[in-house]
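Those protein sequences? They're chains A and B, same order as listed.
Numbering-wise (UniProt numbering), the first sequence opens with residue 1 and increments by one.
Numbering-wise (UniProt numbering), the second sequence opens with residue 1 and increments by one.
Yeah, the Cβ is synthetic: ideal placement off N, Cα and C, and Gly gets one too.
Computed from a predicted structure; not experimentally measured.
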Amino acid sequence: MNAQSPLLSVRDLKVWFDIKPKGAMPWTSPDKLKAVDGVDFDLMPGETLGIVGESGCGKSTLARAIMRMVPAEGGTVLWLGDDLLSLNKQGMREHRKEMQMIFQDPLASLNPRMTIGQIVAEPLKTHYPDVSKAEVKTRVREVLDRVGILPNMINRYPHEFSGGQCQRIGIARALILRPQLIICDEPVSALDVSIQAQVINLLMDIQQEMGLSLIFIAHDLSVVKHISTRVMVLYLGNVVEISEAEQLYRAPGHPYTQALISAVPIPDPKAHAENEVMLLDADLPSPLNPPSGCVFRTRCPLAEKVCAETKPPLTDRGNGQQVACHVI
Amino acid sequence: MTHVTNVETAEVVKGRSLWQDARARFFRNKAAVASMIVLILVSLFALFGGMLTPWSNEEIDWNLMGDVRTLGGPSFETKHYFGLDPLGRDLYARVVQGTQISLMIGIVGALISVIVGTLYGATAGFIGGRLDNIMMRIVDILMAIPYMFVLILLLVVFGRSIFMLFVGIGLISWLDMARIARGQTLSIKNKEFVEAAIATGVSTPKIIIRHIVPNLLGVVIVYATLLVPSMIMFESFISFLGLGVQEPLTSWGALINEGAGQMRYGTLWMLGFPLFFFLISLFAFFFFGDGLRDALDPKDR
Ligand SMILES: Nc1ncnc2c1ncn2[C@@H]1O[C@H](COP(=O)(O)OP(=O)(O)OP(=O)(O)O)[C@@H](O)[C@H]1O
Ligand code: SF4
Ligand SMILES: [Mg+2]
């Protein structure tokens, strides 16, 4: 599989938001909030990339920048060789059918005034306006059936379903165009634990069946563990580590990853003791004013002088592991 | 696939839309239902009331004209059910006709505000950025104009006409609605179903029409029903100043004005009948709007 060329290849992607300080005059230049600050990664066909990080570290923004739902400050997003960021609107529209998204809040991601049949059909009707009504109906029924929703429910409204069912409907909407990539932005965070597993298993089955690539965002490692081939750890808009999932859980490289892993309940207490790295108590710094050098240094137990001076580059550590740290 | 064919044959289940839920809640609210009935009756009166009388709104009853104050009261014998107006015209016919004008003014104002205001506000809110800024500053400027003063000037300069009244109402009625629609749009725009539509590549006009506007509609309808009475009052005020609709046409405001002017002669019916219709309709609109708000937005109670 490594011989294949990547489906998606993101280079030095930056998303900065203009933030006006409170009470600022109209002519003062806004502060820059660096929500995503130079992210690089590749995604292979059929692979699942997990993205983890604390709330506010830029996971959703990264996803939305790839889908061109927020403008990027710089960088490239190569999709099968085309730079999505330099396409015009029409060109981008053509690619939208190849990539779909699933959202965190299952109910909020469905328009309450539309029936689920209309909701699931919308992408199909948008990209293939000439498809006959009968065909749309058949496709909608098929895909609903695939995600485990009885197709005779097509005339019901979202509020008549449970959270897990709504998420399945969201998945059906993402599948109807048979995309190559689905970006799942915390798809199970809002669900009960028992239902989380069902939804994750459904996603994994579908991925196997259709040979999809997935980007799976979550804010804790335990959820991603099950589904990911590789995992990327974000901190304040920066990638601090990308590893094969196995490797990351066995031998986390970056101090931040180690801290995250130590927070995950691990059945083997010995392994736990070995991995013990506690975060310093300092608060998460504001992305408006990130620390100089290594963004993690204000909370890093291993920080040295060099960490405040230069930003550590992401370097290859073998075993498919890349870590951004001066010390480790 | 066998699974699919199984369910294919099953009966498709009907869903209950949010609108159906709202309707059920509305019909449980007695005051709102009573108001709705009142409004229906008043509308029927405006549409068909004229058929019940041989008199028209401009015909003068020469027999009674000299003695309006003594003989012009409500009477079935003379077929002047509501009596005569100071000039000897049938008040019933005039109230029917005034009701038509007043309701029409209220409804036209509400329609303009719903169509123009909603689309304008939703577009500004959804597209955002500089366009939003420009569009909303225009609304601010229009709002800052003392429209009552401008309208009075227009009526004085171009002469009183119902057309001028509609122009005036059309100019002001949508401004508040545009602001309300924009505010709601800003909150709907960040909902994930709109993001999903953007991510799929649905075009902007379609997103506004299909995803934003239907979700605005609850607020818009409530505001529109509350706008009807304020438009009616607005017109009544203009008419009360003597600048409203042109004779022989009339409206509630003009009739009330006329009746109030005659009060000291004891011809109270001239004030009482139009005032009665004016008041019950306004109350009914307010209760109806209230009932709609409760029905459409149950969390807000
Ligand atoms: N449209 C926006 N305008 C300004 N700032 C924004 C915008 N969207 C996100 N941000 C900021 O960018 C940063 C990253 O936000 P983002 O939503 O990507 O985080 P996240 O990792 O998805 O968090 P969560 O786990 O809570 O979903 C946050 O500080 C957020 O406040
Ligand atoms: S570079 Fe320094 S501060 Fe950053 S993670 Fe490594 S040791 Fe900690
Ligand atoms: Mg997020």
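Residue i versus the options, residue with shortest Cα-Cα distance
i: residue 329 of chain A; options: A:256, A:260, A:263 and A:203; result: Not covered by the structure: residue 329 of chain A. The range shown for chain A is 1 to 328.
i: residue 147 of chain A; options: A:132, A:105 and A:176; result: A:176
i: residue 69 of chain B; options: B:185, B:294 and B:88; result: B:88
i: residue 156 of chain A; options: A:21, A:183, A:181 and A:115; result: A:115
i: residue 150 of chain A; options: A:135, A:133, A:168 and A:136; result: A:168
i: residue 233 of chain A; options: A:34, A:261 and A:212; result: A:261
i: residue 193 of chain B; options: B:215, B:61 and B:276; result: B:215
i: residue 86 of chain A; options: A:73, A:97 and A:98; result: A:73
i: residue 231 of chain A; options: A:16, A:15 and A:42; result: A:42
i: residue 117 of chain B; options: B:255, B:163, B:220 and B:286; result: B:220
i: residue 299 of chain A; options: A:310, A:283 and A:216; result: A:283
i: residue 207 of chain A; options: A:174, A:111 and A:166; result: A:174
i: residue 229 of chain A; options: A:220, A:201 and A:216; result: A:216
i: residue 26 of chain A; options: B:121, B:248, B:111 and B:133; result: B:133
i: residue 71 of chain B; options: B:57, B:86 and B:58; result: B:86
i: residue 234 of chain B; options: B:213, B:20, B:105 and B:94; result: B:105
i: residue 63 of chain A; options: A:310, A:202, A:9 and A:136; result: A:9
i: residue 165 of chain B; options: B:179, B:150 and B:51; result: B:150
i: residue 33 of chain B; options: B:297, B:296, B:223 and B:287; result: B:287
i: residue 162 of chain A; options: A:123, A:75 and A:196; result: A:196
i: residue 308 of chain B; options: B:63, B:121 and B:201; result: Summary: the structure shown does not reach residue 308 of chain B, with chain B confined to residues 1 through 301, and so no result is reported for it.
i: residue 60 of chain B; options: B:119, B:90, B:129 and B:168; result: B:90
i: residue 104 of chain A; options: A:211, A:199 and A:143; result: A:199
i: residue 259 of chain B; options: B:238, B:95 and B:171; result: B:95
i: residue 44 of chain A; options: A:214, A:312 and A:314; result: A:214
Neighbour flag for residue i against chain A, beta carbons, 8 Å
i: residue 77 of chain B; result: no
i: residue 214 of chain B; result: yes
i: residue 191 of chain B; result: yes
i: residue 219 of chain B; result: no
i: residue 80 of chain B; result: no
i: residue 250 of chain B; result: no
i: residue 12 of chain B; result: yes
i: residue 195 of chain B; result: yes
Chain B residues whose Cβ lies nearer than 8 Å to that of residue i
i: residue 88 of chain A; result: Going along chain B, no residue has its Cβ under 8 Å from residue 88 of chain A, so there is no contact; the nearest lies around 13 Å.
i: residue 100 of chain A; result: 199 and 200
i: residue 96 of chain A; result: 199, 200 and 201
i: residue 168 of chain A; result: Under the 8 Å cutoff, chain B gives no residues; its nearest Cβ is about 14 Å from residue 168 of chain A.
Listed by chain order, chain A residues near residue i by CB distance under 9 Å
i: residue 16 of chain B; result: 156, 157, 159 and 160
Any chain B beta carbon closer than 8 Å to residue i
i: residue 110 of chain A; result: yes
i: residue 152 of chain A; result: yes
i: residue 105 of chain A; result: yes
i: residue 126 of chain A; result: yes
i: residue 28 of chain A; result: no
i: residue 115 of chain A; result: yes
i: residue 178 of chain A; result: no
i: residue 21 of chain A; result: no
i: residue 129 of chain A; result: no
i: residue 122 of chain A; result: yes
i: residue 93 of chain A; result: yes
Own chain, CB closer than 7 Å to residue i, minus 5 neighbours either side, in chain order
i: residue 320 of chain A; result: 243, 244 and 247
i: residue 131 of chain B; result: 124
i: residue 58 of chain A; result: 35, 36, 234 and 237
i: residue 303 of chain A; result: 297
i: residue 170 of chain B; result: 112
Residues of its chain near residue i, where Cβ-Cβ distance is below 8 Å and the 5 sequence neighbours each way are ignored
i: residue 275 of chain A; result: Caution is warranted here: a pLDDT of 49 is assigned to residue 275 of chain A, below 50, making its placement in the model unreliable, and the coordinate value is therefore given only provisionally. Only 252, 258, 261, 262 and 266 meet the Cβ criterion.
i: residue 7 of chain B; result: Interpretation of residue 7 of chain B is limited by its pLDDT of 46, a score under 50 that renders its predicted location unreliable; no figure is taken from the coordinates.
Spatial neighbours of residue i in its chain, beta-carbon cut-off 6 Å, leaving aside the 5 residues before and after
i: residue 283 of chain B; result: none
Interface partners of residue i on chain B, CB under 7 Å
i: residue 135 of chain A; result: Simply none; closest approach about 14 Å.
i: residue 67 of chain A; result: 199
i: residue 250 of chain A; result: Correct list: empty, because the minimum Cβ distance to chain B is about 35 Å.
Residues that residue i contacts on chain A, provided the C-beta gap is smaller than 7 Å
i: residue 53 of chain B; result: In chain order: nothing, as chain A lies at least about 46 Å away.
Cross-chain neighbours of residue i in chain A, by beta carbon under 8 Å
i: residue 284 of chain B; result: What residue 284 of chain B touches in chain A: nothing, since even the nearest Cβ is about 28 Å away.
Chain-ordered chain B contacts of residue i [CB-CB under 9 Å]
i: residue 173 of chain A; result: 196 and 200
Notebook entry, point to check: Are there three or more Cβ pairs, one per stretch, closer than 8 Å when the stretch 34-47 of chain B is compared with the stretch 99-117 of chain B?
Noted result: yes
Next item on the list: Take every Cβ of the stretch 175-195 of chain A, pair it with every Cβ of the stretch 48-67 of chain A, and state whether three or more of those distances are shorter than 8 Å.
Entry: yes
Notebook entry, point to check: With contact counted as at least three CB pairs below 8 Å, one residue from each stretch, are the stretch 12-26 of chain A and the stretch 87-96 of chain A in contact?
Noted result: no
Item checked: Cβ contact check for the stretch 264-283 of chain B and the stretch 72-85 of chain B: 3 or more pairs under 8 Å -> yes
Note to self: Count Cβ pairs between the stretch 193-211 of chain B and the stretch 95-109 of chain A that sit closer than 8 Å; are there 3 or more?
What the structure shows: yes
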